[in-house]
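*Asks:*
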Amino acid sequence: MQEKGEDYKSLKEMVTIGEILKKASAFEQSAFNFYSTLKVSKRLRPLVQDLAKEEQSHLDLFQTLSKHPDLENHIADLVKVPASDHRFSDYILLPKQDDFRDEQAILQYALGREQVAMQQYDSLAKETPPGPIQDLFRFLANEELEHKKELEKWYYEIVHSGGV
1 MQEKGEDYKS LKEMVTIGEI LKKASAFEQS AFNFYSTLKV SKRLRPLVQD LAKEEQSHLD
61 LFQTLSKHPD LENHIADLVK VPASDHRFSD YILLPKQDDF RDEQAILQYA LGREQVAMQQ
121 YDSLAKETPP GPIQDLFRFL ANEELEHKKE LEKWYYEIVH SGGV
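Each residue of the sequence shown is one higher than the last, beginning at 1 in UniProt numbering.
#1: If you draw a straight line from the C-alpha of Gly131 to the C-alpha of His160, how long is it?
#2: Indicate the three-state DSSP secondary structure (helix, strand or coil) for Thr64 in the structure shown.
#3: With distance defined between alpha-carbon atoms, name the residue in Gln29, Asp99, Leu61, Pro46 nearest to Ser137.
#4: Measuring straight from C-alpha to C-alpha, what distance separates His147 and Ala76?
#5: Using 10 angstroms around the beta-carbon of Arg43, count the other beta-carbons present and answer buried if the total reaches 16, otherwise exposed.
#6: Can you list, in chain order, the residues of its chain with a C-beta nearer than 7 Å to that of Leu59? Leave out the 5 residues immediately preceding and following it.
#7: Can you tell me the Cα-Cα spacing of Ile92 and Val15, whole angstroms?
#8: Expressed to the nearest angstrom, what Euclidean distance is found between the alpha-carbon atoms of Leu151 and Ala105?
#9: Please report the straight-line C-alpha distance between Gly112 and Gln119, rounded to a whole angstrom.
#10: Quick one, are the C-beta atoms of Trp154 and Leu47 less than 8 Å apart?
#11: Need the endpoints of the beta strand (DSSP E) that Leu111 sits in, please.
#12: Should Pro95 be labelled buried (16 or more other beta-carbon atoms within 10 Å of its own) or exposed?
#13: Apart from the five residues on each side of it in sequence, which residues of its chain come closer than 7 Å, Cβ to Cβ, to Leu21?
#14: So, are the CB atoms of Asp114 and Ile158 less than 8 Å apart?
#15: Cβ of Ala117 within 8 Å of Cβ of Phe139?
#16: Sort Pro129, Ser57, Asp99 by Cα distance to Glu143 and report the nearest one.
Here you go:
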């Protein structure tokens, strides 16, 4: 039989789908705000604008799904808090624009955002049962992976080709 402390600890390591979606919405809103207000060079502008659109589409997806009847039935379901959750939460708070001295710093921060989002959504996909919620997190993990790959291409082009 488990001790009461162990029950509390295991429950503390759990979070509802509703709480996850709320935090993920805040993360996506933060990402949209970051990309849409970022002051960048002309050569980075198309990339940053595309990323802002992608993050807005993720936010729209969360808002649409939060009203979907299939999701309402699972809003109180508990899942394990991913190991990446603290890092994910850290990225909800935006840094000051002054923190980005050059394109390399912008790309490094953006790569970090996409990496932690990919890890968070991948972990959530593994923790949720098969169905629409798991499909959502798999989709988002793949989206963030694609963003990361695109940023890596830009990073290589700018940093390793003498662009900074």
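The beta carbon of each residue, even a glycine, is placed where N, CA and C say it ideally should be.
*Replies:* According to the structure data:
#1: The residue labelled residue 131 in the question sits at position 131 within the sequence shown. The residue labelled residue 160 in the question sits at position 160 within the sequence shown. Their Cα atoms are separated by approximately 42 Å.
#2: Translated into the one-based positions of the sequence shown, residue 64 becomes position 64. Of the three classes helix, strand and coil, the one that applies to Thr64 here is helix, per DSSP.
#3: The residue labelled residue 137 in the question sits at position 137 within the sequence shown. Note that residue 137 is Phe in the sequence shown, not Ser. Of the candidates Gln29, Asp99, Leu61, Pro46, the one whose C-alpha sits nearest the C-alpha of Phe137 is Leu61.
#4: Position 147 of the sequence shown, counting from 1, holds the residue named residue 147. Position 76 of the sequence shown, counting from 1, holds the residue named residue 76. Approximately 30 Å between the Cα atoms of the pair.
#5: What you label residue 43 is simply residue 43 of the sequence shown in a count that begins at 1. Looking at its Cβ environment, which holds fewer than 16 other Cβ atoms inside 10 Å, Arg43 is exposed.
#6: Translated into positions along the sequence shown, residue 59 becomes position 59. Within the same chain, Leu59 has close Cβ partners Ser25, Glu28, Gln29, Phe32.
#7: Within the sequence shown, numbered from 1, the residue matching residue 92 stands at position 92. Within the sequence shown, numbered from 1, the residue matching residue 15 stands at position 15. Their Cα atoms are separated by approximately 18 Å.
#8: What you label residue 151 is simply residue 151 of the sequence shown in a count that begins at 1. What you label residue 105 is simply residue 105 of the sequence shown in a count that begins at 1. C-alpha separation (whole angstroms): 12 Å.
#9: Mapped onto the sequence shown, residue 112 falls at position 112. Mapped onto the sequence shown, residue 119 falls at position 119. In a straight line, the C-alpha of Gly112 is about 11 Å away from that of Gln119.
#10: Here the question's residue 154 lines up with position 154 in the sequence shown. Here the question's residue 47 lines up with position 47 in the sequence shown. Contact: yes.
#11: Mapped onto the sequence shown, residue 111 falls at position 111. Taken as a continuous stretch (DSSP letters only), Leu111 belongs to no beta strand (DSSP E), being part of the alpha helix (DSSP H) at 103 to 127.
#12: Position 95 of the sequence shown, counting from 1, holds the residue named residue 95. It counts as exposed.
#13: The residue given as residue 21 occupies position 21 in the sequence shown. Cβ within range, chain order: Phe62, Ser66.
#14: Mapped onto the sequence shown, residue 114 falls at position 114. Mapped onto the sequence shown, residue 158 falls at position 158. Looking at the sequence itself, residue 114 is Glu, so the reference to Asp does not match. No.
#15: For the purposes of this step, residue 117 is taken as the residue at position 117 of the sequence shown. For the purposes of this step, residue 139 is taken as the residue at position 139 of the sequence shown. No.
#16: Numbered from 1 along the sequence shown, position 143 holds the residue referred to as residue 143. The residue with the shortest Cα to Cα distance from Glu143 is Ser57.
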